[in-house]
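Visitor: In the working numbering, the protein residues as written are 106 to 521.
From the three backbone atoms N, C-alpha and C, an ideal C-beta is built for every residue, glycine too.
No experiment lies behind these values; they were computed from the predicted model shown.
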Ligand SMILES: Cc1cc2nc3c(=O)[nH]c(=O)nc-3n(C[C@H](O)[C@H](O)[C@H](O)COP(=O)(O)OP(=O)(O)OC[C@H]3O[C@@H](n4cnc5c(N)ncnc54)[C@H](O)[C@@H]3O)c2cc1C
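1. Can residue 127 and residue 303 be called in contact, C-beta distance under 8 Å?
2. Can you name the start and end residues of the beta strand (DSSP E) that residue 398 belongs to?
3. Hey, is residue 268 close to ligand 1, as in C-beta under 7 Å from one of its heavy atoms?
4. Anyone know if the C-beta pair for residue 144 and residue 276 falls short of 8 Å?
5. On the three-state DSSP scale, how would you describe residue 444?
6. To the nearest whole angstrom, what separates the beta carbons of residue 432 and residue 378, a pair I think is in contact under 8 Å?
7. In the DSSP assignment, the beta strand (DSSP E) including residue 128 goes from what residue to what residue?
8. Tell me whether residue 140 counts as near ligand 1, meaning its Cβ is closer than 7 Å to at least one heavy atom of that ligand.
9. Flag residue 152 as yes when its Cβ comes closer than 7 Å to any non-hydrogen atom of ligand 1, and as no otherwise.
10. Among 133, 119, 138 and 132, which residue has its Cα nearest to the Cα of residue 355?
11. Is it the case that the CB of residue 382 approaches a heavy atom of ligand 1 more closely than 7 Å?
12. So residue 333 and residue 366 are in contact, right, with Cβ under 8 Å, and what is the actual spacing, rounded?
13. For a test of your reading of the model: does the CB of residue 404 fall under 7 Å from any non-hydrogen atom of ligand 1? Yes or no.
14. Give me, in chain order, the residues of the same chain whose beta-carbon lies closer than 6 Å to that of residue 326; leave out the 5 immediate sequence neighbours on both sides.
15. Rounded to whole angstroms, what's the CA-CA distance from residue 149 to residue 502? Just pull it up for me.
16. Mind reading off the beta-carbon distance from residue 154 to residue 407? Whole number of angstroms is fine, and I expect it under 8 Å.
17. Please report the residue range of the beta strand (DSSP E) in which residue 451 lies.
18. List the residues that DSSP assigns as beta-bridge partners of residue 185.
19. Have a look at residue 300 and residue 472 and give me their C-alpha separation to the nearest angstrom.
20. Please look up how many angstroms separate the CB atoms of residue 384 and residue 311, rounded, as I've assumed it's under 8 Å.
21. Of the choices 170, 187 and 171, whose alpha-carbon is the least far from that of residue 178?
22. What does DSSP give as the partner residues of residue 484 in its beta bridges?
23. Decide if residue 233 is buried, meaning its Cβ has at least 16 other Cβ atoms within 10 Å, or exposed.
24. Kindly identify the DSSP beta-bridge partner or partners of residue 469.
25. For ligand 1, is there a heavy atom less than 7 Å away from the beta-carbon of residue 398?
26. Span of the alpha helix (DSSP H) holding residue 203?
27. Whole angstroms are fine: how far does the CA of residue 216 sit from the CA of residue 209?
28. For residue 394, tell me which candidate among 114, 194 and 242 has the shortest Cα-Cα distance.
29. Using the C-alpha atoms, what's the distance from residue 444 back to residue 422?
30. Taking 8 Å as the threshold (C-beta atoms), are residue 295 and residue 281 in contact?
31. Closest by CA to residue 353, which one among 124, 495, 134 and 386?
32. In chain order, what are the residue ranges of uninterrupted beta strand (DSSP E) at least 3 long that sit wholly in the region 301-373?
33. For residue 110, does the three-state DSSP call read helix, strand or coil?
34. Starting from residue 211, trace the beta strand (DSSP E) in both directions and tell me its first and last residue.
35. Can the beta-carbon of residue 249 be found less than 8 Å from the beta-carbon of residue 400?
36. Less than 8 Å between the C-beta atoms of residue 298 and residue 159, yes or no?
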């Protein structure tokens, strides 16, 4: 049995945990990260890699209630809820629908913008100039539409961009064909968001954060945290599968699994997992230079160092149900419709657990009732974007430093 002390312990070695840990270690705190998996073994492994400082549109938008029957009846639709899981997800879904009211969308977008706008700057700060150049492409993202019809909330999305002065450039069908040779004629128009970017490898980016953390004196501990126990001296004991570890500051950054550590402490948060899928096409016949989000079909493709990643879809089915690999296969079909030359011959399918709150904002900062307990999870669709700036905020809170933005919109108490 190990009895060990650290000035701070971060639980979870995804993008949120490692960003927090690296900022803490650099702030002078002897920090350990606990995770049974090497980085990146969670959602941070297989996401679409979009880094989106200029994205401030939450996932819940007006008109969601009308869509509920479709979610329950189409298992391969862009958003599906497994009927057997519906009763468990119901309270979260209700909060999610409420978060989609227009006035809330605008307030939420303010907080998303405040957090996301420094994303690339934080990635650069964490990785350093050379590794940033190697891993990150601040080159823009493109959204495309098929046919003439707008997607339901196009006007709301434009309103959000106008509110924050986010610059975009409209693209015609001809522009798109020049930018992306081989794109289907079904794709009729697009929008370039030049302030956004992407990583050529989410897994390597997060693994690199882990390597830097180790190199700078942090400790990565391959254990599973089972329970957090407050100590009489004000600190915490992290009881793992093989050790007892002590610290004054513990950060829960266990993504979609975070409620498992919070429930025994009677700390309630609105966290659900929106499961997502990817199909990784190795040796693709077509590789666009920029990520393309197809807004009509609700999926995206991202050029990565090992191929073309097709990602998307939301499945509400909890943490335990087996994957529905048909959802990943459907993504390949979507990609082949957008780029008919793609064969999709060499493909890996993957499922990950987005850690999602109803309002698309993460949960960051201290738990008032439990001194020394801090939260850094709930980034949903935007963890690669929001993880590094969130790590900066949580680390600065623990280090007692000035915060770059007002942390109130991300407080756990908003669910009380
Ligand atoms: C298909 C898909 C596409 C996406 N695309 C994008 C995108 O383009 N851009 C973007 O910004 N975001 C995207 N996301 C979201 C992003 O991947 C997540 O928000 C982000 O990875 C969450 O990071 P995290 O560190 O909170 O959690 P994770 O990466 O899931 O890490 C949590 C870690 O906690 C560990 N853990 C769990 N329980 C314990 C325990 N008891 N003890 C110790 N360790 C534990 C796990 O092993 C895991 O390593 C996408 C997600 C999916 C699924």
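Guide: So, to answer that:
1. Numbered from 1 along the chain shown, position 22 holds the residue referred to as residue 127. Numbered from 1 along the chain shown, position 198 holds the residue referred to as residue 303. Against a cut-off of 8 Å, the Cβ pair of residue 303 and residue 127 comes out as no contact.
2. By one-based count along the chain shown, residue 398 stands at place 293. Looking at the DSSP string, the run of the beta strand (DSSP E) that includes residue 398 is 397-399.
3. Position 163 of the chain shown, counted from the first residue, corresponds to residue 268. Incorrect: residue 268 has no Cβ contact closer than 7 Å to ligand 1.
4. One-based indexing of the chain shown puts residue 144 at position 39. One-based indexing of the chain shown puts residue 276 at position 171. Not a contact, by the Cβ cut-off of 8 Å.
5. Sequence index remark: in the chain shown, residue 444 carries index 339 (1-based). Three-state result, residue 444: coil.
6. The residue you call residue 432 lines up with position 327 of the chain shown. The residue you call residue 378 lines up with position 273 of the chain shown. So it is not a contact: roughly 14 Å between Cβ atoms.
7. Here residue 128 corresponds to residue number 23 of the chain shown, with the count starting at 1. Residue 128 -> not in any beta strand (DSSP E); alpha helix (DSSP H) instead, spanning 120-131.
8. The residue you call residue 140 lines up with position 35 of the chain shown. The answer is yes for residue 140.
9. Numbered from 1 along the chain shown, position 47 holds the residue referred to as residue 152. Checking the Cβ of residue 152 against ligand 1 gives yes.
10. The count along the chain shown starts at 1 and reaches residue 355 at position 250. It is 138.
11. Start at 1 with the first residue of the chain shown, and residue 382 comes out as number 277. Yes, since a heavy atom of ligand 1 falls inside the 7 Å radius drawn around the Cβ of residue 382.
12. Here residue 333 refers to the residue found at position 228 of the chain shown. Here residue 366 refers to the residue found at position 261 of the chain shown. Their Cβ separation, rounded to whole angstroms, is 6 Å, which keeps residue 333 and residue 366 in contact under 8 Å.
13. Sequence index remark: in the chain shown, residue 404 carries index 299 (1-based). Checking every heavy atom of ligand 1 against the Cβ of residue 404, none is found closer than 7 Å.
14. Locating residue 326 in the chain shown gives position 221, counting from the first residue. If you ignore the 5 residues before and after residue 326, its C-beta comes within less than 6 Å of the C-beta of 137 and 139, all in its own chain and listed in chain order.
15. Reading the chain shown from its first residue, position 44 is the one you call residue 149. Reading the chain shown from its first residue, position 397 is the one you call residue 502. Looking at the two C-alpha atoms, the distance is approximately 24 Å.
16. As a first step, residue 154 is located in the chain shown; it is residue number 49 there, counting from the start. As a first step, residue 407 is located in the chain shown; it is residue number 302 there, counting from the start. Their Cβ separation, rounded to whole angstroms, is 5 Å, which keeps residue 154 and residue 407 in contact under 8 Å.
17. As a working note, residue 451 is residue 346 in the chain shown. Note, residue 451: beta strand (DSSP E), 451-461.
18. Numbered from its first residue, the chain shown carries residue 185 at position 80. BP columns for residue 185 point to 420.
19. Reading the chain shown from its first residue, position 195 is the one you call residue 300. Reading the chain shown from its first residue, position 367 is the one you call residue 472. Using only the alpha carbons, I get a separation of about 34 Å.
20. As a first step, residue 384 is located in the chain shown; it is residue number 279 there, counting from the start. As a first step, residue 311 is located in the chain shown; it is residue number 206 there, counting from the start. In fact, because the Cβ distance is near 20 Å, the residues do not count as touching under 8 Å.
21. Here the question's residue 178 lines up with position 73 in the chain shown. Considering only alpha carbons, the answer is 187.
22. Position 379 of the chain shown, counted from the start, is the residue given in the question as residue 484. According to DSSP, which records beta bridges pairwise, residue 484 is partnered with 461.
23. Position 128 of the chain shown, counted from the start, is the residue given in the question as residue 233. With fewer than 16 Cβ atoms within 10 Å of its Cβ, residue 233 is classed as exposed.
24. Along the chain shown, read from residue 1 onward, the residue named residue 469 stands at position 364. BP columns for residue 469 point to 481.
25. By 1-based counting over the chain shown, the position of residue 398 is 293. For ligand 1, not one heavy atom lies less than 7 Å from the Cβ of residue 398.
26. Along the chain shown, one-based indexing puts residue 203 at 98. 191-204 is the span of the alpha helix (DSSP H), which, as asked, contains residue 203.
27. Locating residue 209 in the chain shown gives position 104, where the first residue counts as 1. Locating residue 216 in the chain shown gives position 111, where the first residue counts as 1. Take the alpha-carbon of residue 209 and the one of residue 216: they are about 11 Å apart.
28. Stepping through the chain shown from its first residue, residue 394 is reached at position 289. Ranked by Cα distance from residue 394, the options 114, 194 and 242 are led by 242.
29. Stepping through the chain shown from its first residue, residue 422 is reached at position 317. Stepping through the chain shown from its first residue, residue 444 is reached at position 339. In this structure, the alpha-carbon of residue 422 lies about 30 Å from that of residue 444.
30. Residue numbering aside, residue 281 sits at position 176 when the chain shown is read from its first letter. Residue numbering aside, residue 295 sits at position 190 when the chain shown is read from its first letter. A Cβ-Cβ contact shorter than 8 Å links residue 281 with residue 295.
31. The residue labelled residue 353 in the question sits at position 248 within the chain shown. When each option's Cα is compared against that of residue 353, the closest is 134.
32. 302-304, 324-326, 330-335, 341-345, 348-352 and 354-357
33. In the chain shown, the residue the question calls residue 110 occupies position 5. Here residue 110 sits in strand by DSSP.
34. As a working note, residue 211 is residue 106 in the chain shown. No beta strand (DSSP E) contains residue 211, which is instead part of the alpha helix (DSSP H) from 207-221.
35. Numbered from its first residue, the chain shown carries residue 249 at position 144. Numbered from its first residue, the chain shown carries residue 400 at position 295. In this structure, residue 400 lies closer than 8 Å to residue 249 by Cβ.
36. As a first step, residue 298 must be located in the chain shown, where it is residue number 193. As a first step, residue 159 must be located in the chain shown, where it is residue number 54. Taking 8 Å as the Cβ cut-off, residue 298 and residue 159 qualify as a contacting pair.
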